[in-house]
Amino acid sequence: MDKIFTKCGRCGKIINYGNGYVSIVRNVEQADFSIVTNNDEITIIDSQEIITLCGSCGNSFNTDTIGQIINTIPTDNSNININ
Ligand SMILES: [Zn+2]
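Take the sequence shown: its position 23, counted from the start at 1, is 102 in our numbering, and no numbers get skipped.
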């Protein structure tokens with residue numbers, strides 16, 4: 080019997096251990112250049128999961144569209160209605 084890992088944050092489908100899934104995260108990163116390896120080295124300072132999606136939901140999104148939506152979100156809470 081499969082063991083449950085989590086549920087899809089969009090459709091609620093069970094995601095079992097061993098299943099592929101899509102995770103959208105917010106990472107705070109720092110980039111450095113290593114002269115030893117001649118490559119960029121990225122350090123993840125903090126990582127926060129935004130949503131976990133089943134393969135069906137996660138793969139139905141166009142990543143360019145997600146970027147465009149994020150660019151439309153105000154950063155000053157001006158879109159929050161206070162009743
Ligand atoms: Zn789903």
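Ideal Cβ positions, reconstructed from N, Cα and C, are used throughout, including at glycine.
Report yes if the C-beta of serine 102 is less than 7 Å from at least one heavy atom of ligand 1; otherwise report no.
-> Distances taken from the Cβ of serine 102 to the heavy atoms of ligand 1 include none shorter than 7 Å.
Boundaries of the beta strand (DSSP E) in which serine 139 is found, first to last residue | Counting along the chain, serine 139 falls outside any beta strand (DSSP E), and DSSP gives it neither H nor E.
Complete runs of the alpha helix (DSSP H) confined to the segment 87 to 146 [at least 4 residues] | Runs of the alpha helix (DSSP H) lying entirely within the segment 87 to 146 and spanning at least 4 residues, in chain order: 134 to 137.
Just confirm the distance between the C-beta atoms of valine 104 and glutamate 128, as a whole number of angstroms; I'd bet it's less than 8 Å.
-> Confirmed, about 5 Å.
Pairing CB atoms from the segment 84 to 93 with CB atoms from the segment 132 to 147, are three or more of them under 8 Å?
-> Counting C-beta pairs with one atom in each stretch, the segment 84 to 93 and the segment 132 to 147 have three or more that are closer than 8 Å, which means they touch.
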